[in-house]
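*Asks:*
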Amino acid sequence: MYELGMTPVLPAFSGNVPAALKRVFPSAKISRLGNWFTVNSDTRWCCTYLLDATDPLFIEIGKAFIEQQLKGIVI
């Protein structure tokens, strides 16, 4: 990609987290978004969880997210 003069644009951390993160970080500001999809009406397979951007954990996870992405890029 770089040989062609192209610079990749990577997505940043958007705040989407697994529900289990609430158990690991119980004080984190995590919201369950609306029930927009289920598999066979099973609530285990519904809903997206979003970490609030004002929570300090957002910065921590976001930084780790970018660091992992950059490991895959050879500059």
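In the working numbering, the protein residues as written are 2 to 76. The beta-carbon is built from N, C-alpha and C at its ideal position, and this holds for glycine as well.
Need the endpoints of the beta strand (DSSP E) that residue 33 sits in, please.
*Replies:* Here residue 33 refers to the residue found at position 32 when the sequence shown is read from its first residue. Taken as a continuous stretch (DSSP letters only), the beta strand (DSSP E) holding residue 33 covers 31-33.
*Asks:* Compute the distance between the beta-carbons of residue 69 and residue 11, then report whether it is under 7 Å.
*Replies:* By 1-based counting over the sequence shown, the position of residue 69 is 68. By 1-based counting over the sequence shown, the position of residue 11 is 10. Against a cut-off of 7 Å, the Cβ pair of residue 11 and residue 69 comes out as no contact.
*Asks:* Mind checking who residue 52 pairs with in its DSSP beta bridge?
*Replies:* The count along the sequence shown starts at 1 and reaches residue 52 at position 51. For residue 52, which the question treats as bridged, DSSP gives the partners 31.
*Asks:* For residue 74, which of 9, 55 and 35 has the nearest alpha-carbon?
*Replies:* Taking the first residue of the sequence shown as position 1, residue 74 is located at position 73. For residue 74, the nearest C-alpha among the options comes from 9.
*Asks:* Within its chain, find whatever has a CB closer than 7 Å to the CB of residue 2; leave out the 5 residues flanking it on each side and keep chain order.
*Replies:* Mapped onto the sequence shown, residue 2 falls at position 1. For residue 2, where only same-chain residues beyond five positions count, the Cβ hits under 7 Å are 9.
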